[in-house]
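A.B. asks:
In mature numbering (1 follows the signal peptide of the UniProt record, and there is no 0), the protein residues as written are -20 to -1, 1 to 409.
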């Protein structure tokens, strides 16, 4: 089979497996994005709230029904779907109705919480805009699921393209695609949140970096710049993190080598411009600041009074958080092991690309550092760090395939999905 056939086969298999859970994948924030999308479609505030609430409660009921069916103490009890659905709707509508009566009708999102907290999601139109055509054509349930599948599949394909652009053999590139699906990247991308789109756009930026060091500097820089622009609409803090990390990677490499080659000059320039543009645009648009984010964290989404001295408290919490996080990683060291192995693979096999991959993975740690809360969905916050093993581990397989001495094959072409040779541009090993 041709390379694109293998890629499509892996993607199709992954998509088919996701039919095992069409509902029940939402997180507490997912209803905000669905409500946002319904509002953008033209629904009234109450209609958007109703659509989001019905979808959320259907998911909760689905989980309750599945859990009960396998519970030895309750599997023979009556179906809980109606009871769970009614309770969920009552809870959510009580909050929404109270806030609507109080006059909280601004913005695009139904008032599930206070205005300051809702503002965090109001400035993330990218994912809701992507949802609009799908939920319009297929309905909320299937539309949200299809977007999740699309983002997860796209992430795997982009992992494949990054590795192929780096000159990796077909089997190695397919391994990277498969790893994206089976590691937490695939699971997290399937959740109806911004993470799937963030993973895809970050991988697109990495593809641009791979193109740049392979001799296609302008195309690579354009891809990185476009990814940063789109990331700004999805989650502007992620655009800032990625831009800063890419710029830092270029600077560190330049200092270490005592020169700044053209690819890194292009990528670094785009990254610096992207970081500055993000700061300026966020300020002009009055987006929530880092201080707002810290207050949100310490006041439990602004449900308690603001802290008078938030930053010392935040730093104290940060230290405690990482101590506990590291302790838990030692209990289950798969993540740390995968990170070390992925770092080893990219440093040994593609040292010229290692800095870019470390930069992308580092944004996962920065995102989690911005939310040092051990009780929340930490796996999705740090998920971008899994890009290091997704790209790095397959390169270890390449090392085994080509011999333990890790000899370089010289200049290679970077074939795409078609498998046909591209332009003869050397990829630095």
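In this text, a Cβ means the ideal position worked out from N, Cα and C, and glycines have one as well. Since we're looking at a predicted model, the values are computed, not measured.
#1: Where does the unbroken alpha helix (DSSP H) through residue 118 begin, and where does it stop?
#2: What number of angstroms, rounded off, separates the C-alpha of residue 144 from the C-alpha of residue 201?
#3: Alpha carbon to alpha carbon, how far is residue 300 from residue 323?
#4: Is it buried or exposed, residue 310, if we count other Cβ atoms within 10 angstroms and call 16 or more buried?
#5: Rounded to whole angstroms, what's the CA-CA distance from residue 230 to residue 128? Just pull it up for me.
#6: When the Cα atoms are used, what is the spatial distance from residue 53 to residue 47?
#7: Quick one: what does DSSP say residue 247 is sitting in, helix, strand or coil?
#8: To which residues of the same chain is residue 197 closer than 7 Å at the C-beta, ignoring the five residues directly before and after it?
#9: Taking the alpha-carbon positions, what's the residue -4 to residue 211 distance?
#10: Under a three-way DSSP split, which group does residue 312 fall into?
#11: Going by alpha carbons, who is nearest to residue 6 out of 306, 173, 248?
#12: Using alpha carbons as the reference points, say which of 248, 69, 297 lies closest to residue 41.
#13: Once you ignore the five residues that flank residue 166 on each side, which residues in its own chain have a CB closer than 8 Å to its CB?
#14: Among 89, 55, 260, which one has its Cα closest to the Cα of residue 21?
#15: Closest to residue 342 by CA distance: which of 255, 225, 312, 297 is it?
#16: Looking at the unbroken alpha helix (DSSP H) that takes in residue 345, where does it start and where does it end?
#17: Buried or exposed: which applies to residue 147, given that a residue is buried once 16 or more other Cβ atoms fall within 10 Å of its Cβ?
#18: Is residue 178 helix, strand or coil when you go by DSSP?
#19: Can you tell me the Cα-Cα spacing of residue 61 and residue 382, whole angstroms?
#20: Which residue from -13, 305, 248 puts its Cα closest to that of residue 336?
#21: Whose C-alpha, out of 119, 181, 262, is nearest the C-alpha of residue 142?
#22: For residue 357, which of helix, strand or coil comes out of DSSP?
#23: Reducing DSSP to helix, strand and coil, say where residue -4 ends up.
#24: With DSSP as the reference, label residue 43 as helix, strand or coil.
#25: What residue from 33, 77, 27, 104 has the CA that sits closest to residue 268's CA?
#26: Residue range of the alpha helix (DSSP H) that residue 100 falls in?
#27: Assign residue 119 to one of two classes, buried (16 or more other C-beta atoms within 10 Å of its C-beta) or exposed (fewer than that).
#28: How would you write the range of the alpha helix (DSSP H) that residue 269 sits in, first residue to last?
#29: In this structure, does DSSP put residue 366 in helix, strand or coil?
#30: Rounded to whole angstroms, what's the CA-CA distance from residue 77 to residue 297? Just pull it up for me.
#31: My understanding is that residue 116 touches residue 38, with C-beta atoms under 8 Å, so please give their C-beta distance in whole angstroms.
#32: For the alpha helix (DSSP H) holding residue 218, just list the boundary residues, first then last.
#33: For residue 385, which residues in the same chain have their Cβ closer than 7 Å to its Cβ, ignoring the five residues on either side in sequence?
#34: Along the chain, where does the alpha helix (DSSP H) containing residue 159 start, and where does it finish?
#35: Considering residue 65, what are the terminal residues of the alpha helix (DSSP H) in which it resides?
#36: Pull up the distance between the alpha-carbon of residue 106 and that of residue 234, whole angstroms please.
C.D. replies: With the structure as the only source:
#1: Here residue 118 corresponds to residue number 138 of the chain shown, with the count starting at 1. Secondary structure note for residue 118: its alpha helix (DSSP H) is the uninterrupted segment 106 to 145.
#2: By 1-based counting over the chain shown, the position of residue 144 is 164. By 1-based counting over the chain shown, the position of residue 201 is 221. Cα to Cα, the separation comes out at about 18 Å.
#3: What you label residue 300 is simply residue 320 of the chain shown in a count that begins at 1. What you label residue 323 is simply residue 343 of the chain shown in a count that begins at 1. Each residue's alpha carbon lies about 26 Å from the other.
#4: Walking along the chain shown from the start, residue 310 turns up at place 330. Result: exposed.
#5: Position 250 of the chain shown holds residue 230. Position 148 of the chain shown holds residue 128. Cα atoms of residue 230 and residue 128: separation of roughly 33 Å, rounded to the nearest angstrom.
#6: Residue numbering aside, residue 53 sits at position 73 when the chain shown is read from its first letter. Residue numbering aside, residue 47 sits at position 67 when the chain shown is read from its first letter. Each residue's alpha carbon lies about 11 Å from the other.
#7: As a first step, residue 247 must be located in the chain shown, where it is residue number 267. In the structure shown, residue 247 sits in a helix (DSSP, three-state: H, G or I).
#8: Numbered from its first residue, the chain shown carries residue 197 at position 217. 242, 243, 246, listed in sequence order.
#9: Against the chain shown, residue -4 aligns to sequence position 17. Against the chain shown, residue 211 aligns to sequence position 231. Our two residues, residue -4 and residue 211, have alpha carbons roughly 28 Å apart in a direct line.
#10: Numbered from 1 along the chain shown, position 332 holds the residue referred to as residue 312. The answer is coil: DSSP assigns residue 312 none of H, G, I, E or B.
#11: Within the chain shown, residue 6 is the residue found at index 26, counting from 1. Of all alpha-carbon atoms in 306, 173, 248, the one lying nearest the alpha-carbon of residue 6 is that of 173.
#12: Counted from its first residue, the chain shown places residue 41 at position 61. Closest by alpha carbon: 69.
#13: For this step, residue 166 is matched to residue 186 along the chain shown. Excluding sequence neighbours, residue 166 sits near -7, 132, 135, 136, 160.
#14: Residue mapping note: residue 21 aligns to position 41 of the chain shown, counting from 1. Taking only the C-alpha atoms, the option nearest residue 21 is 89.
#15: One-based indexing of the chain shown puts residue 342 at position 362. Across the set 255, 225, 312, 297, the C-alpha of 225 shows the shortest separation from the C-alpha of residue 342.
#16: As a first step, residue 345 is located in the chain shown; it is residue number 365 there, counting from the start. Unbroken alpha helix (DSSP H) run through residue 345: 331 to 349.
#17: Within the chain shown, numbered from 1, the residue matching residue 147 stands at position 167. Buried, because 16 or more other Cβ atoms sit within 10 Å of the Cβ of residue 147.
#18: Looking up residue 178 in the chain shown gives position 198. Helix.
#19: Numbered from its first residue, the chain shown carries residue 61 at position 81. Numbered from its first residue, the chain shown carries residue 382 at position 402. Distance between the alpha carbons of residue 61 and residue 382: 55 Å.
#20: The count along the chain shown starts at 1 and reaches residue 336 at position 356. When only C-alpha atoms are compared, the closest one is 248.
#21: Taking the first residue of the chain shown as position 1, residue 142 is located at position 162. For the residues 119, 181, 262, the minimum Cα distance to residue 142 belongs to 181.
#22: Looking up residue 357 in the chain shown gives position 377. Looking at residue 357 - three-state DSSP - the assignment turns out to be coil, as it is neither helix nor strand.
#23: As a working note, residue -4 is residue 17 in the chain shown. Residue state for residue -4 is assigned as helix, using DSSP reduced to three classes.
#24: Here the question's residue 43 lines up with position 63 in the chain shown. The answer is helix: DSSP assigns residue 43 an H, G or I state.
#25: As a first step, residue 268 is located in the chain shown; it is residue number 288 there, counting from the start. It is 104.
#26: Taking the chain shown and counting its residues from 1, one reaches residue 100 at position 120. Where residue 100 is concerned, the enclosing alpha helix (DSSP H) stretches over 95 to 102.
#27: Your numbering for residue 119 matches position 139 in the chain shown. Classification for residue 119: exposed.
#28: For the purposes of this step, residue 269 is taken as the residue at position 289 of the chain shown. Element bounds for residue 269: n/a, residue is neither H nor E.
#29: Residue mapping note: residue 366 aligns to position 386 of the chain shown, counting from 1. The answer is helix: DSSP assigns residue 366 an H, G or I state.
#30: Position 97 of the chain shown holds residue 77. Position 317 of the chain shown holds residue 297. Each residue's alpha carbon lies about 35 Å from the other.
#31: The count along the chain shown starts at 1 and reaches residue 116 at position 136. The count along the chain shown starts at 1 and reaches residue 38 at position 58. The pair is not a contact, with the Cβ atoms about 19 Å apart (cut-off 8 Å).
#32: Within the chain shown, numbered from 1, the residue matching residue 218 stands at position 238. Element bounds for residue 218: 216 to 237.
#33: Taking the first residue of the chain shown as position 1, residue 385 is located at position 405. Summary for residue 385: the model assigns pLDDT 45, below 50, so the residue's position carries little reliability; its value from the coordinates is reported in the next sentence. Same-chain partners within the cutoff: there are none.
#34: Within the chain shown, numbered from 1, the residue matching residue 159 stands at position 179. 150 to 162 is the extent of the alpha helix (DSSP H) around residue 159.
#35: Walking along the chain shown from the start, residue 65 turns up at place 85. In the DSSP assignment, residue 65 falls within the unbroken alpha helix (DSSP H) covering 61 to 81.
#36: As a first step, residue 106 is located in the chain shown; it is residue number 126 there, counting from the start. As a first step, residue 234 is located in the chain shown; it is residue number 254 there, counting from the start. Going from the Cα of residue 106 to the Cα of residue 234 covers about 34 Å.
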